[in-house]
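**Student:** Got a structure for you, written out below as structure tokens; questions coming shortly.
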Amino acid sequence: MAVFRPYLYTGGVHKHGLLIELLEDLGGYIIQKVVTGTEVNLIMLVPEKDIPIVKKQADDLLGMMVEASLTGVEIAVVSPTLASHHLPHSACDVAEYLRHPGANTNMIGLARGMGRRVSLSMDYERKLINEHDIAVFTFGSFSDCIINKKPKLFEGIEIPIVVTGGPELKTEEVHGADLYVGNIGRTSHRLRKAEEVSALDKLNEGVGKIADNIRKQQAKDPLAVLPARVMNEIENQVPEIRTVLSPAPLTLQLNGVRVKLSYDEFHEKIENLEFDEGVTLSELADISKSKMKNYILIKIKSKSDVGFAI
Amino acid sequence: MDSLEVFDVESAIASEQEFYRKIIEDNLSNLKLAPAIGRIKVVLRPEDSLFQMAIILRDVGTKVTTTDIADMEAKPVAGEIIISIKKEQYIPELLGKLWERYGKANISQPDRWTVTISTDKPDQEAAFLKDMMVADPRHRLHENLVDFAIRVTPEGFRVRYHLYKGTQFIFVASEEALKREWIKETEAMLEELMKGGKK
Chain A
321 MAVFRPYLYT GGVHKHGLLI ELLEDLGGYI IQKVVTGTEV NLIMLVPEKD IPIVKKQADD
381 LLGMMVEASL TGVEIAVVSP TLASHHLPHS ACDVAEYLRH PGANTNMIGL ARGMGRRVSL
441 SMDYERKLIN EHDIAVFTFG SFSDCIINKK PKLFEGIEIP IVVTGGPELK TEEVHGADLY
501 VGNIGRTSHR LRKAEEVSAL DKLNEGVGKI ADNIRKQQAK DPLAVLPARV MNEIENQVPE
561 IRTVLSPAPL TLQLNGVRVK LSYDEFHEKI ENLEFDEGVT LSELADISKS KMKNYILIKI
621 KSKSDVGFAI
Chain B
70 MDSLEVFDVE SAIASEQEFY RKIIEDNLSN LKLAPAIGRI KVVLRPEDSL FQMAIILRDV
130 GTKVTTTDIA DMEAKPVAGE IIISIKKEQY IPELLGKLWE RYGKANISQP DRWTVTISTD
190 KPDQEAAFLK DMMVADPRHR LHENLVDFAI RVTPEGFRVR YHLYKGTQFI FVASEEALKR
250 EWIKETEAML EELMKGGKK
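Those protein sequence lines, which keep their order, are chains A and B.
For reference, each letter of the first sequence is one residue, going 321 to 630 in my numbering.
For reference, each letter of the second sequence is one residue, going 70 to 268 in my numbering.
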């Protein structure tokens, strides 16, 4: 199976179709294409051995190609509260900054997450968070709260947990967290200062490492089909996806795809999605109703479960 | 009293104190409250889920009367009073008061700078209007102060106590039922500020 590397291309709209065509010829995937005025941003998966060819094409078009480590990762940015009188939340900046290396982020404000003793999360919220690849919890400025009170919000979360907060703490001190990043606490201003931005950089780096670890674990028992390939087939076989106005109608995850179409209307079409090898998607993946609106959530099974990989 | 001549934030851990100071500064500037506050002291005790704040306000602009913002001329023969506006910013408040007293039908505004009132007793009414209070900046200040207190308090601290008297403002918030001594402590903080604070 070909190994793919995630890249972000930024360049002019002029002739960028050449790059898309080249990528299709090489068997790579376009994950997201954003056109803003005369600029185009392409998030893509490039076959590892063909990277020099794609780079050359990008250079010819005078565009920039950088590795985007969080491509194909869907991250939940969870805040105990998203109350309007506390805007701007640092969680907004966290979510925005994680998108730079290619991640798709969803902000989740817990209904009753605020406070110390009274803080709690609901079953529905935990299930919604667990649909993602990584959860980033954004906490406040007090070490006492972060160490003693807030970790109860991690109960029932099965995905890796990253915590941000004001004080400089060690990861081990925050029980249940896979990574703690300091200097991103509660603020009433946008994160712009040098130390705040470098903390965000540190966060991106840490989240990138966690994503890499998940990928490494996956490589030991690969998925039955690449999420990007599922995405491609949905684009080809379910034309209605083009009418969806959400920013990422098909959101890639490390082990699945979120399809922003109504489950009730489209789940059969998705289940019967056919691959050239003669298998349907329902043989390779669990397809369920997402907790996010009525979307469809595809979680791809591993090779050991299915018995083969395509 | 200078604006923000005392600005104390106290908490057990010094670095957290700085975070909170920044939050308070940001909110003061967002609500443009800094010039109105003379002395402020905030004490945070996250281990007790407690937030205490005492503020002493500076004198903010005195009450605005009609003569401050307009010239008035009584016309006994025509039975009307003509008000020529000098400061446009208070027109909505002025019109509101006039409508209440004379009814909308008796007020007309021929142009942007003129308001005329039809009345039977122009001289008496003009004398009354001269000293009528049009706007009170204190009222706006009170609103902002309460908004400020809610914004800077940690979100989960939903049990609140506040007292606003003259230039003194205290605010206590917690997650638990408030204890009498917490309010007493905050009152003591205020007394300390009255004497000039620590600095």
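Backbone N, C-alpha and C define an ideal beta-carbon position, used for all residues, glycine too.
1. Anyone know if the C-beta pair for B/L262 and B/A103 falls short of 8 Å?
2. According to DSSP, is B/F217 part of a helix, a strand, or is it coil?
3. Provide the residue span of the beta strand (DSSP E) that contains B/H231, from first to last.
4. Buried or exposed: where does A/G627 fall if 16 or more other Cβ atoms within 10 Å of its Cβ makes it buried?
5. Since A/Q538 and A/N575 are thought to touch, with beta carbons under 8 Å apart, how far apart are those beta carbons, to the nearest angstrom?
6. How close, in whole Å, do the beta carbons of A/V360 and A/L343 come, if the pair is a contact with beta carbons under 8 Å?
7. Let's test the definition: count the other Cβ atoms within 10 Å of the Cβ of A/H587 and tell me whether it reaches 16, buried, or not, exposed.
8. Can you find the residues in the same chain that come closer than 6 Å, C-beta to C-beta, to A/G476, ignoring five residues on each side of it along the sequence?
9. Chain A beta carbons: is any one of them nearer than 8 Å to that of B/N285?
10. Does the Cβ of B/K144 lie closer than 7 Å to at least one heavy atom of the ligand ADP?
11. Out of A/N524, A/T330, A/T401, which one is the CA nearest neighbour of A/M384?
12. Identify, in the order they occur along the chain, each residue of the same chain with its Cβ nearer than 7 Å to the Cβ of B/I125, setting aside the five sequence neighbours on each side.
13. Would you mind sorting B/K110 into buried or exposed? The rule is 16 or more other CB atoms within 10 Å of its CB.
14. If you measure from the beta carbon of A/R506 to each beta carbon in chain B, is any gap under 8 Å?
15. Who are the near neighbours of B/W182 in its chain, counting only those whose CB is closer than 7 Å to its CB and skipping five residues on each side?
16. Quick one: measure Cβ to Cβ for B/E162 and B/P191, integer angstroms, because I've assumed they're closer than 8 Å.
17. Could you work out which residues of chain A lie near B/D296, taking near to mean beta carbons separated by less than 9 Å?
18. State the Cα-Cα distance for the pair A/G429 and A/R512, rounded to the nearest angstrom.
19. Kindly say whether A/F474, judged by its beta-carbon, lies nearer than 8 Å to any beta-carbon of chain B.
20. From the DSSP output, which residues share a beta bridge with A/L328?
21. Can you confirm whether B/S84, when its beta carbon is compared against all beta carbons of chain A, has any partner nearer than 8 Å?
22. Identify every residue that forms a DSSP beta bridge with A/V397.
23. If contacts are defined as beta-carbon pairs under 8 Å, then A/H688 and A/P480 qualify, I think. What distance do you get, rounded to the angstrom?
24. Given that A/R437 touches chain B, what residues does it touch there, using C-beta distances under 9 Å?
25. Pull out every residue of the region 425-456 of chain A whose Cβ sits closer than 8 Å to any Cβ of chain B, in chain order.
26. Buried or exposed, going by whether 16 or more other CB atoms sit within 10 Å of the CB of B/W251?
27. By Cβ distance below 6 Å, which residues in the same chain neighbour A/G392 in space, the five residues on each side in sequence not counted?
28. List the residues of chain A that B/F88 touches, going by C-beta distances under 9 Å, in chain order.
29. Just the chain A side, please: which residues come within less than 9 Å of B/R220 by C-beta, in chain order?
30. Taking the alpha-carbon positions, what's the B/V215 to B/F197 distance?
31. List, in chain order, every chain B residue whose beta-carbon is nearer than 7 Å to that of A/C465.
32. For A/I477, name the three-state secondary structure that DSSP assigns.
33. Anything in chain A within Cβ reach of B/I92, meaning under 8 Å, just list it in chain order.
34. Is the shortest distance between the beta-carbon of B/N99 and the beta-carbons of chain A less than 8 Å?
35. Residues bridged to B/Q237 by DSSP?
36. Where does B/A147 sit, in a helix, a strand or coil, going by DSSP?
**Tutor:** Well, looking at it:
1. For this step, residue 262 of chain B is matched to residue 193 along the second sequence. For this step, residue 103 of chain B is matched to residue 34 along the second sequence. Here B/L262 is not near B/A103, since their CB atoms are 8 Å or more apart.
2. Stepping through the second sequence from its first residue, residue 217 of chain B is reached at position 148. In this structure, B/F217 counts as helix in the three-state DSSP scheme.
3. The sequence position of residue 231 of chain B within the second sequence is 162, counting from 1. Where B/H231 is concerned, the enclosing beta strand (DSSP E) stretches over 228-234.
4. Translated into positions along the first sequence, residue 627 of chain A becomes position 307. Counting Cβ neighbours within 10 Å, A/G627 comes out exposed, since fewer than 16 surround it.
5. What you label residue 538 of chain A is simply residue 218 of the first sequence in a count that begins at 1. What you label residue 575 of chain A is simply residue 255 of the first sequence in a count that begins at 1. With 8 Å as the limit, A/Q538 and A/N575 qualify as a contact, their Cβ atoms being about 7 Å apart.
6. Working through the first sequence from its first residue, we reach residue 360 of chain A at position 40. Working through the first sequence from its first residue, we reach residue 343 of chain A at position 23. With a Cβ gap of about 13 Å, A/V360 and A/L343 do not count as contacting.
7. Within the first sequence, numbered from 1, the residue matching residue 587 of chain A stands at position 267. Around the beta carbon of A/H587, 16 or more other beta carbons lie within 10 angstroms, which makes this residue buried.
8. Position 156 of the first sequence, counting from 1, holds the residue named residue 476 of chain A. Excluding five sequence positions before and after A/G476, the CB atoms of its chain that fall closer than 6 Å to its own CB belong to R446, given in chain order.
9. Chain B is shown only over 70 to 268; residue 285 of chain B falls outside these bounds and no answer can be derived.
10. The ligand ADP is not part of the structure shown, which contains no ligands of any sort.
11. As a working mapping, residue 384 of chain A is identified with position 64 in the first sequence. The residue with the shortest Cα to Cα distance from A/M384 is A/T330.
12. Reading the second sequence from its first residue, position 56 is the one you call residue 125 of chain B. Cβ within range, chain order: G107, R108, T236, Q237, L262, M263.
13. Counted from its first residue, the second sequence places residue 110 of chain B at position 41. Buried: at least 16 other Cβ atoms inside 10 Å.
14. Working through the first sequence from its first residue, we reach residue 506 of chain A at position 186. By this cut-off, A/R506 is an interface position.
15. For the purposes of this step, residue 182 of chain B is taken as the residue at position 113 of the second sequence. If we look at B/W182 and ignore the five residues flanking it on each side, its Cβ neighbours are S153, I154.
16. Start at 1 with the first residue of the second sequence, and residue 162 of chain B comes out as number 93. Start at 1 with the first residue of the second sequence, and residue 191 of chain B comes out as number 122. Their Cβ separation, rounded to whole angstroms, is 22 Å, which puts B/E162 and B/P191 out of contact at 8 Å.
17. Shown here, chain B extends from 70 to 268; a query on residue 296 of chain B therefore has no answer.
18. Within the first sequence, numbered from 1, the residue matching residue 429 of chain A stands at position 109. Within the first sequence, numbered from 1, the residue matching residue 512 of chain A stands at position 192. The straight-line gap from Cα to Cα measures roughly 23 Å.
19. To locate residue 474 of chain A, count along the first sequence from 1; it is residue 154. Judged by the 8 Å Cβ criterion, A/F474 is not in contact with chain B.
20. Indexing the first sequence from 1 puts residue 328 of chain A at position 8. Note: A/L328 sits in a beta bridge opposite A/I363, A/V386.
21. Here residue 84 of chain B corresponds to residue number 15 of the second sequence, with the count starting at 1. Output row for B/S84: interface = yes.
22. As a working note, residue 397 of chain A is residue 77 in the first sequence. Beta-bridge partners of A/V397 (DSSP): A/M427, A/V456.
23. The question about residue 688 of chain A has no answer here: the residues shown for chain A are numbered 321 through 630.
24. The residue labelled residue 437 of chain A in the question sits at position 117 within the first sequence. The contacting residues are S118, G225, E244, E245.
25. Residues of the region 425-456 of chain A with a C-beta less than 8 Å from any C-beta of chain B: M434, G435, R436, R437, V438, S439, listed in chain order.
26. Numbered from its first residue, the second sequence carries residue 251 of chain B at position 182. Looking at its Cβ environment, which holds 16 or more other Cβ atoms inside 10 Å, B/W251 is buried.
27. Position 72 of the first sequence, counting from 1, holds the residue named residue 392 of chain A. The beta carbon of A/G392 lies closer than 6 Å to those of L572 in the same chain, with the five residues before and after it left out.
28. In the second sequence, the residue the question calls residue 88 of chain B occupies position 19. Within chain A, the residues near B/F88 are G460, S461, F462, G486, P487, G505, R506, T507.
29. Your numbering for residue 220 of chain B matches position 151 in the second sequence. Those within 9 Å of B/R220 in chain A are H405, H406, S508.
30. The residue given as residue 215 of chain B occupies position 146 in the second sequence. The residue given as residue 197 of chain B occupies position 128 in the second sequence. Going from the Cα of B/V215 to the Cα of B/F197 covers about 33 Å.
31. The residue given as residue 465 of chain A occupies position 145 in the first sequence. Scanning chain B for C-beta atoms nearer than 7 Å to the C-beta of A/C465 yields P115, reported in chain order.
32. In the first sequence, the residue the question calls residue 477 of chain A occupies position 157. Reduced to three states, the DSSP call for A/I477 is coil.
33. Here residue 92 of chain B corresponds to residue number 23 of the second sequence, with the count starting at 1. In chain order: S461, R506, T507, S508.
34. Translated into the one-based positions of the second sequence, residue 99 of chain B becomes position 30. Against chain A, the CB of B/N99 has a partner CB under 8 Å away; the residue lies at that interface.
35. Translated into the one-based positions of the second sequence, residue 237 of chain B becomes position 168. The beta-bridge partner set that DSSP reports for B/Q237 consists of B/I125, B/K234.
36. As a working note, residue 147 of chain B is residue 78 in the second sequence. Residue state, collapsed to three classes: coil.
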